[in-house]
Each structure stands twice: as structure tokens, then as C-alpha cells.
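Student:
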Amino acid sequence: MAQKINLTADQIVEKEFHIDVKGYAALEVDMFLDEIVEDYESFDESIQELSQAVMRYEEKIKELQQEIYTLQNENQSLNEKLSVAQSSGSYDQVDILKRIARLEQAVFKTEE
Numbered sequence: 001m002a003q004k005i006n007l008t009a010d011q012i013v014e015k016e017f018h019i020d021v022k023g024y025a026a027l028e029v030d031m032f033l034d035e036i037v038e039d040y041e042s043f044d045e046s047i048q049e050l051s052q053a054v055m056r057y058e059e060k061i062k063e064l065q066q067e068i069y070t071l072q073n074e075n076q077s078l079n080e081k082l083s084v085a086q087s088s089g090s091y092d093q094v095d096i097l098k099r100i101a102r103l104e105q106a107v108f109k110t111e112e
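Structure (C-alpha cells):
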């Protein structure tokens with residue numbers, strides 16, 4: 001994409017052609033116009049490449065925004081579940097372990 005640009009706007013504006021017997025030197029004008037054409041072709045290629053890059057980036061942005069939305073919903077759902085579990089008097093791990101130990105004792109005592 002980093003293509004050499006032959007002319008600047010100032011060079012185009014300040015370009016002077018030598019006057020030939022019947023007017024400007026046709027070859028000189030043709031060569032100058034060829035340089036301008038090359039520049040415009042280069043600009044067109046750059047514009048097309050940049051437009052395609054912009055389209056790819058916009059598509060990637062949409063994908064990432066959708067992923068963010070999905071993850072935010074999942075996060076909210078998990079936070080709600082956590083809140084319900086904490087507020088419903090659920091047992092913490094120590095309580096669960098104590099209960100399991102008591103149940104094991106009861107089971108083993110009845111087996112003997």
C-alpha cells in the first residue's frame with residue numbers, strides 16, 4: 001500500500017510547460033499527464049485497500065460487540081444465581097462437611 005506518489009498538489013499547480021512554436025510541447029504535456037494518471041491509479045488502489053480494511057474492521061467490531069453482549073448477559077445471569085444462592089441460606093462448605101460427617105457417623109453406627 002505504501003506506493004510512491006510522483007507529484008504533490010503544489011507541483012501540479014506550479015508546473016510550467018515550455019512553449020513550442022505552435023504551443024506547448026506535446027510530449028512534455030503527455031509525460032506530465034502520464035505522471036498524474038499514475039498517481040490517480042495509485043490513489044484508487046490505496047482507497048480500495050483502505051475501504052476493504054475498514055469493512056473488515058467494522059465486521060470484527062460487530063463480532064466483538066456481540067461477544068461482549070453475550071458475556072455481559074452470562075455474567076448477569078451468574079451474578080443473579082450467586083445472589084440467590086447466598087440469600088437463600090445455602091450452606092457454606094464447612095456446614096456441608098459437618099453434615100456429611102454426621103451422616104457418615106449415623107450410617108456407620110447403624111451398619112455395625
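Mapping to the working numbering: the sequence shown position 30 is 30, numbers consecutive. In this text, a Cβ means the ideal position worked out from N, Cα and C, and glycines have one as well.
Tell me, please, which residues DSSP counts as bridged to TYR24.
Tutor: ILE19
Student: Between ALA25 and the rest of its own chain, which residues show a CB-CB distance below 7 Å, the 5 nearest in sequence each way excluded?
Tutor: PHE17, HIS18
Student: Distance check for GLU28 and ASP10, CA to CA, integer angstroms please.
Tutor: 18 Å
Student: For VAL94 and LYS60, what's the separation of their Cα atoms in angstroms?
Tutor: 47 Å
Student: Under the assumption that ASN6 contacts GLU35 (Cβ atoms under 8 Å), give the Cβ distance between them as a whole number of angstroms.
Tutor: 5 Å
Student: What does a CB cutoff of less than 7 Å around LEU78 pick up in its chain, not counting 5 residues either side in sequence?
Tutor: none
Student: Under the assumption that LYS15 contacts PHE32 (Cβ atoms under 8 Å), give the Cβ distance between them as a whole number of angstroms.
Tutor: 6 Å
Student: At the level of alpha carbons, what is the spacing between THR8 and LYS62?
Tutor: 38 Å
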